[in-house]
Each structure stands twice: as C-alpha cells, then as structure tokens.
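Mapping of the sequence shown onto UniProt numbering: residues 1 to 502, in sequence order. In this text, a Cβ means the ideal position worked out from N, Cα and C, and glycines have one as well.
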Amino acid sequence: MFEEYLEKELLRHIKIIKLLWDNESLTSIELAEELEVTAATIKSDVKSINMEYCEKNNPLLISSPQGYAVLNREQRERKTYIKRIYSCSLFVKATCFFLKNNLSNIDKFEELEYISSAKAYNVKKEVRDYLERLEILEEGKFVQFAEYRIRFLMAFFQWELNMPIVKIPEENRAIYNILFKEIEAQEKGMFSDSSKEYAMILFQLSFLRRRNNPVSFPPEEEIFIKNTVVYKSLQPTIRLFLTKMLHFEILDEEATYFVLVFNIMNINYNEELSENLKVSTQSLKENTKVRYYSLIQCFESEFEITLSDAPIFEAALMIFLRKCLFNLQIFIPEEHIALGNIPKLPNEILVKTKSALDQWNTITGLNLNFSKAHIVQLSSKIFFVLRKKSKPKIIYLLTGFYSDYLLGKEILTSEYGGIVKIRRFNPEMQKEYHQNDLILYDSNYTILDKYTSKKLKINYIFDLQELQRIRALLFGYNLDGLESDVNGEIKSTSSYVEKNLK
1 MFEEYLEKEL LRHIKIIKLL WDNESLTSIE LAEELEVTAA TIKSDVKSIN
51 MEYCEKNNPL LISSPQGYAV LNREQRERKT YIKRIYSCSL FVKATCFFLK
101 NNLSNIDKFE ELEYISSAKA YNVKKEVRDY LERLEILEEG KFVQFAEYRI
151 RFLMAFFQWE LNMPIVKIPE ENRAIYNILF KEIEAQEKGM FSDSSKEYAM
201 ILFQLSFLRR RNNPVSFPPE EEIFIKNTVV YKSLQPTIRL FLTKMLHFEI
251 LDEEATYFVL VFNIMNINYN EELSENLKVS TQSLKENTKV RYYSLIQCFE
301 SEFEITLSDA PIFEAALMIF LRKCLFNLQI FIPEEHIALG NIPKLPNEIL
351 VKTKSALDQW NTITGLNLNF SKAHIVQLSS KIFFVLRKKS KPKIIYLLTG
401 FYSDYLLGKE ILTSEYGGIV KIRRFNPEMQ KEYHQNDLIL YDSNYTILDK
451 YTSKKLKINY IFDLQELQRI RALLFGYNLD GLESDVNGEI KSTSSYVEKN
501 LK
C-alpha cells in the first residue's frame, strides 16, 4: 500500500528497473509507451538511476543500438537497487520518523531533510492518511491497541526496505541468538538467518519502546493466542529466558508479543512429519473461530477441484493463516518474495484465490486485511497443485531418427522419469492417447491432427532451453518464468504453456 504514496519520479525509476530486468533490452520509445511518458523523460530517468543509485563508474543501465539493458545482470540483485530508491523517498523517511516519534517533532524532521515547513506538513498529512488506512490512526489519534501494529510496521520498513529504524547492539544479538537456539531445540527445527534478523528487529523494538509505549492486545485476540498450542509450548520458555537474561519482570503482554513473533517465523523442521507441526496444524483446524473446513470449501468451490487431499496446499494455507493472527498479515513481509523467487501466475489464479479468501472472511466475520504478497505466495502453491492434477501422464517421442529417440528417452527419463512415463509414439495405439499426454515431435506429421493430446515441436537436442519448454508443460512454468519482486507485484501473463501448445 505504501507504494501508492511514493513520488512519481521514484515509481518510474522502479518500473524502469523492473522492466529492463525482465527483458534483454528495451528502447526508450518502448519504455515510454509502457510508462506513458516521453522518450526524453526515460532518458533523463536512466541517467538519474545511474547517478543516484549506483557506485561511481559502475552504472546499472547501459545503452546500445538495441536499447537500454541491465549491465552484468547475473552479478547484481534487483532488490538492492529498488531498496536504494525506497530509501530516497521523502514519504518513506517521514513514515519511519513519525512512527518513531509518535507523530511529533515535525521541526526536527524539517531540519533533517532540509525542507520547508509547508512541505513537512504536507508529507506528514500523507503519513497520517496512510496510517489511518492501516487502522493505526483514527481522526489523527492512535487507536487503542495500536502499539503492536506500529512495531510490526516499523519492522516491515526496516527489514523489507532497509530503513535504519533501530540499531541492534552486538550484545543484544548474542542474547537473541541464545533464545533462538533454545526455541529451535524445543521445536526441533531451525530458523533462517533472514527470519532471525526480522525477529531481532521486533525484539529490539520491544525493549526500546516498552516503557513509553507498552504493548497491549485486544482481549478476544489475546485469549485466542493463549489457547493455541504454540503459546502453551513457547510461553514458559520465553518468560524464563527473558527474566533470566534481562533481570526485570516480564509482563504477560510482553511474553505474548514474543510468542506472536515466533508464531509467524518460518522454521525448517528437522523431521518431515514434525510432531509439533502436526499438533499445531490440528489445533488450527479444530478452532471454531477459524472455521478451517469452510475455508477449504470456499477454495474447492472457486477452483472446482478437490484440495483437501493436497498436502502442499494445506501446508501453504497453514503458513498463510498463522500470519493472519491479530490481523497483522498486511504488516508482515512475505519472505519468498522479499528474498527469493516465485513463479509468474495467470491473473485468474490470483483473482480466484482472493475471492475464496473474501468469501471465508465473510463467513467467519473476522474482517481480516489480506496482503497481496501473501496471496501471491499462496496462489503459487495452488497453481502447482492444479498443474499437478492436470499435467501430462505420458510423454510420447515422435522422430524419424532412432538415435534421437534413444537420446530423448535417456535424457527425459533422467529428468522427469519419476513424474511421467516415456514411450515411443505408435499410431496403432491411438485409442490409448489422452488429452493430458504429451507428444514431442521434430517434423510435421499430418496424422497428429487426429490426436487430442498436447503437442510440442522440438529439435531433439535437449539443451537447457528445450528442457525448459518441456518443463513448462509439466509444471506450468519454466525457469525463465521465475522472477524476484520485492513488492510482490506479479504481472498478469499468459502462461508459457498456452503460447507453445498446438
């Protein structure tokens, strides 16, 4: 949501970088048409990007007869440059400043940013509007129980956008790491470094703000989390640890806050069927407030497919639901999107996922605000399940060269033998060919018009590009269809499959 408040020039810079990262090259005219500006504006923006966000003599964007392109793309990370752009935004800096200062000290903000009083008041007004939309402010005042939401929003800006809100001393990091080890041993799992860094920010905010801005929770929500398996398991360990290490009395609300942080952290369980995970999952399913099975029905109705027997979907849904506690999901970064890659998705999948969630939201009356980034991640797992249920069962090889057939059989068996069967094309067995089967052929054959199976013309060289085209039919996306997006903004695209099927 914060992107809506960014300066137009910075938004253009972000879009230019994303477009050039997703394409080998684009001309200034092509970029101008995409962004609805002039070619002269694009040229000026490219110059600004290289001057303001890059090291001297190491530009990000270069010009050639083919257009603009990213220099040494494979040696760079797109998110690095996008975060640099965010850090230049007056709105982003103002949001962080006024959150830290409880919307006060506007004079100090003017001095820090060397801006006029009028400009400072205008940007503060935008920040207040933003916080009201996030239900942190109401009529210019912080709402009741706003503190935990403020902390999570501050952590989002620091972890996701690399804004320097709180500094974590090394001695504190050492203390937090001891706590991580205790919880990892208890839960029989392991937290990633990025998850731990995110949690440390939230922990540090707790200690810096506990005196002047004590945390509290809505009674109904607090009762809910105290009845969870996670709380009953972690709360004694956390309370004992904090009391022992910090030598002051820990309030119930503070212990609850720490449990909440651990609840949303992503953990790699040491065992595939972790007992702790099974108990936690079953507890969530049985909770009358969540109405888990109503949620499953909403998804099955929307996608017209059985999902209750799909472990991947269930696991993704559990992660999604954990981030909904205290209606915090819109404040929580999606780790896949922020740090990794996700597949491009057809817009229809995203729309149906959102529709199913909205129906469930109405049924439960929880009035949750869903994060687009988390919806994208959940949708990617649903997309895989859908492709898995409809993927080809048999690959038939059609070629006039027996050596090519043997090569194809050996390579495809090695690559995908655990997923599909590999057979030689036989026109006498036409009745055994089904719509989900895939025929790979190297030259035109009139007889193929009689088959309803999927067909793909290949060269039978089985290089990386050709294997990716086949992979696209098996999984619904190829390796080039993976993109990193710090904001979770996935464009609506026709799948690679639809473009290549005949």
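Name the two residues that bound the continuous beta strand (DSSP E) containing residue i.
i: Lys-450; result: Taken as a continuous stretch (DSSP letters only), Lys-450 belongs to no beta strand (DSSP E), as it is neither H nor E.
i: Ala-69; result: 67-70
i: Arg-424; result: 421-424
i: Asn-268; result: 267-269
i: Leu-397; result: 394-398
i: Ser-206; result: Ser-206 -> not in any beta strand (DSSP E); alpha helix (DSSP H) instead, spanning 193-209.
i: Ile-439; result: 438-441
Are residue i and residue j closer than 8 Å when you measure CB to CB?
i: Val-385; j: Leu-307; result: yes
i: His-13; j: Ile-62; result: no
i: Ser-104; j: Gly-67; result: no
i: Asn-266; j: Gln-329; result: no
i: Glu-334; j: His-374; result: yes
i: Phe-303; j: Lys-344; result: no
i: Leu-153; j: Phe-320; result: no
i: Lys-100; j: Ile-165; result: yes
i: Ser-195; j: Val-230; result: no
i: Phe-142; j: Lys-124; result: no
i: Ser-216; j: Glu-147; result: yes
i: Ile-439; j: Ser-453; result: yes
i: Tyr-441; j: Thr-399; result: yes
Can you tell me whether residue i is buried or exposed, with buried defined as 16 or more other CB within 10 angstroms of its CB?
i: Phe-248; result: exposed
i: Tyr-293; result: exposed
i: Tyr-121; result: exposed
i: Gln-144; result: exposed
i: Phe-408; result: For clarity, residue 408 is Gly in the given sequence; the question names Phe instead. So Gly-408 counts as buried.
i: Ala-40; result: exposed
i: Phe-91; result: buried
i: Glu-401; result: For the record, residue 401 in the displayed sequence is Phe; it is not Glu. Classification for Phe-401: exposed.
i: Asp-437; result: buried
i: Tyr-114; result: exposed
i: Glu-410; result: exposed
i: Gly-31; result: First, the residue type needs correcting, since residue 31 is Leu and not Gly in the sequence shown. Buried, because 16 or more other Cβ atoms sit within 10 Å of the Cβ of Leu-31.
i: Thr-38; result: exposed
i: Ala-310; result: buried
To which residues of the same chain is residue i closer than 8 Å at the C-beta, ignoring the five residues directly before and after it?
i: Arg-423; result: Ile-394, Ile-395, Tyr-396, Leu-397
i: Leu-60; result: Ile-17, Ile-49, Asn-50, Tyr-53, Cys-54, Val-70, Leu-71, Arg-76, Tyr-81
i: Arg-239; result: Ile-250, Ala-255
i: Arg-210; result: Glu-254
i: Glu-300; result: Thr-306, Leu-307, Ser-308
i: Ala-356; result: Leu-295, Cys-298, Phe-299, Ser-301, Glu-302, Phe-303
i: Phe-262; result: Ile-183, Ala-199, Val-230, Leu-234, Ile-238
Going along the chain, which residues of its own chain have a beta-carbon closer than 7 Å to the beta-carbon of residue i, five neighbours each way excluded?
i: Ser-117; result: Glu-110
i: Glu-221; result: Phe-326
i: Ile-296; result: Leu-307, Ser-308
i: Arg-173; result: Met-200
i: Leu-10; result: Ile-85, Cys-88, Ser-89
i: Leu-350; result: Ile-375, Val-376, Ser-379
i: Lys-15; result: Leu-35
i: Glu-135; result: Val-143
i: Ile-175; result: Met-245
Tell me where the alpha helix (DSSP H) around residue i begins and ends.
i: Tyr-416; result: 402-416
i: Ile-183; result: 170-187
i: Leu-19; result: 8-21
i: Ile-349; result: 347-364
i: Tyr-130; result: 117-133
i: Ser-301; result: 292-303
Keeping to the same chain, check which residues put their C-beta closer than 6 Å to that of residue i; ignore five residues upstream and five downstream.
i: Glu-348; result: none
i: Met-163; result: Cys-96, Phe-157
i: Thr-413; result: Ile-422
i: Lys-8; result: none
At the level of alpha carbons, what is the spacing between residue i and residue j?
i: Gln-468; j: Phe-383; result: 18 Å
i: Pro-236; j: Ile-312; result: 32 Å
i: Glu-132; j: Tyr-460; result: 59 Å
i: Tyr-5; j: Thr-362; result: 29 Å
i: Val-46; j: Lys-83; result: 17 Å
i: Ala-315; j: Leu-205; result: 30 Å
i: Ile-264; j: Tyr-198; result: 10 Å
i: Glu-182; j: Arg-387; result: 40 Å
i: Glu-138; j: Phe-203; result: 27 Å
i: Pro-214; j: Ile-106; result: 23 Å
i: Lys-119; j: Ala-155; result: 26 Å
i: Glu-33; j: Leu-464; result: 33 Å
i: Lys-455; j: Gln-359; result: 38 Å
i: Ile-458; j: Ala-472; result: 13 Å
i: Asn-367; j: Lys-93; result: 30 Å
i: Glu-74; j: Ile-225; result: 44 Å
When you compare the CB of residue i with every CB in chain D, is at least one pair closer than 8 Å?
i: Glu-187; result: Although the question refers to chain D, the structure presented lacks it and comprises just one protein chain.
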